[in-house]
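One structure is given here, and the rest of the page talks about it.
In the numbering used here, the protein residues as written are 36 to 458.
Put into structure tokens, the structure is as follows:
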């Protein structure tokens, strides 16, 4: 299996690739990773850890001319690449997996150059990846959508929760009879034992979040309002691990409410310290894969509904019946503030029970099952169709310039394009 991705930085998809490589390695399966962005953009720990289980290659080692490595990834499709030297990467590969269009389009360009017909799969890691909307979609995104339709027709799209096919059926022709639908692998095992805590009235309740500080993760802001309301009645702290565009806004709000002794912006959390660090806390709030990892450690975890500006939640992760939990409009909502107030009254037995429920819930996210499911996508589909899609040189140039212009447009306005796409 070969993953084609931009760079391994600290994030849910990146750590998934690392865990996937490890899980495959432990059962004798070979994994390769081709990283398309600059080497310096990668997290040293994630690279060194992933290299234990997978062969990692950097596209910049295959450029014809050195200046290409200084060009942004938006121009990927028009960079000068030694395609023939990439051929060895695809030997003994049964599946190419990507997480977005440009990585998929890049593989398609390689495949056309080298006459490859390896099945391509694309995972939907964010609901808005191919459904975001503005009045007039830019040229590059129109091609992205068409390419996605072709992958969908080839049965190469993987959905990681039950709600995604319903969302995508509003935009695309979805066949619900033969979907690739299964939970994303998050945890290596589920053998963590809960240490009962002595829950005392005077104990400080320490809440933690881990994730990028981006606009669609709205809990980063409303949690500051909640802490401000509760700080005079309860002993409470909120620790935030991560960096991103919301850094400045959060700092301003912390100063406005005088929360310097209650809210702590800790910066990036090295993945190697994730488990050790989170065991120091009482409650987690967040979304994505980090909430599953936190729950697997026995940390009661409140679901943060992405893009929802109201301080409401579906409750604890262990309350969810299936494996869909952070999109909006899924279940009845309750107040995050009230949930935290209730937690203060819980006995030590109640807290221990809640911890055990979270550990039990995460069993559906075991990595070994995910490895099997990925293999089934290809092995059980004997008629895996070739993707009938090819871009001309002119289209590659137009795509690249459109993509770059879209990013520059946002930069001029002090934003990132991801704020338009995912918020």
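The beta-carbon is built from N, C-alpha and C at its ideal position, and this holds for glycine as well. All figures in this text were calculated on a predicted structure; none of them were measured in a lab.
- If only uninterrupted beta strand (DSSP E) runs of at least 3 residues are considered, none is enclosed by the segment 200 to 227.
- Residue 145 is classed as buried because its beta carbon has at least 16 other beta carbons within 10 Å across all chains shown.
- Between residue 369 and residue 321, the beta carbon gap of about 17 angstroms keeps them out of contact (Cβ cut-off 8 angstroms).
- Residue 336 sits in a strand when the DSSP states are folded into three classes.
- Between the alpha carbons of residue 301 and residue 45 lies a gap of roughly 14 angstroms.
- For the pair of segments examined, the segment 98 to 112 was found not to touch the segment 391 to 400: the number of CB pairs separated by less than 8 angstroms stays below three.
- At a Cβ-Cβ threshold of 8 angstroms, residue 284 and residue 256 count as neighbours.
- Cβ atoms of residue 80 and residue 306 come within 8 angstroms of each other, at about 6 angstroms.
- Positions of the alpha helix (DSSP H) runs, each at least 4 residues long and wholly inside the segment 115 to 190, are given as 136 to 149, 174 to 188 in order along the chain.
- Excluding the 5 residues flanking it on each side, residue 120 has same chain C-beta neighbours closer than 8 angstroms at 97, in chain order.
- Straight-line measurement puts the Cα of residue 436 at about 19 angstroms from the Cα of residue 143.
- Each of 57, 69, 59 was checked against the Cα of residue 38, and the nearest Cα belongs to 69.
- Only residues of its own chain outside the window of five on either side were considered, and among them 179, 182 have a CB closer than 6 angstroms to the CB of residue 136, listed in chain order.
- Ranked by Cα distance from residue 318, the options 337, 247, 310 are led by 337.
- Residue pairing by DSSP places residue 319 opposite 243, 336 in a beta bridge.
- The C-alpha of residue 442 is placed about 13 angstroms away from the C-alpha of residue 172.
- Contact between the segment 82 to 96 and the segment 275 to 290 is absent: fewer than 3 CB-CB pairs across the two stretches fall below 8 angstroms.
- Excluding residues up to 5 positions away in sequence, 313, 319, 336 lie with their Cβ nearer than 6 angstroms to the Cβ of residue 329 in the same chain.
- Taken atom to atom, the span from the alpha-carbon of residue 342 to that of residue 203 is near 17 angstroms.
- In the same chain as residue 48, and ignoring 5 residues on each side of it, the C-beta atoms closer than 6 angstroms to its own belong to 134, 160, in chain order.
- Shown here, residue 386 sits in a helix according to DSSP, grouped into three states.
- Inclusion of residue 141 and residue 187 in the CB contact set at 8 angstroms is not warranted, their separation being larger than that value.
- Judged by their CB atoms, residue 223 and residue 55 are not nearer to each other than the 8 angstroms cut-off.
- Only residues of its own chain outside the window of five on either side were considered, and among them 115, 116, 117 have a CB closer than 7 angstroms to the CB of residue 99, listed in chain order.
- According to the DSSP secondary-structure assignment, residue 192 is paired through a beta bridge with 157.
- Closest in alpha carbon position to residue 252, among 399, 422, 92, 280, is 280.
- Burial of residue 361 is indicated by the presence of at least 16 other C-beta atoms within 10 angstroms of its C-beta.
- Residues of the same chain with a CB within less than 6 angstroms of the CB of residue 219, apart from the 5 flanking positions on each side, are 195 in chain order.
- Annotation: residue 156 to residue 102 spans about 31 angstroms, alpha carbon to alpha carbon.
- Taking C-beta atoms as the reference points, residue 259 and residue 292 count as a pair closer than 8 angstroms.
- Nearest C-alpha to residue 138 among 92, 71, 167: 71.
- Distance from the CA of residue 61 to the CA of residue 92, rounded to the nearest whole angstrom, comes to 21 angstroms.
- Rounded to the nearest whole angstrom, the CA to CA distance from residue 154 to residue 299 is 46 angstroms.
- For the pair residue 424 and residue 75, the Cα-to-Cα distance works out to about 32 angstroms.
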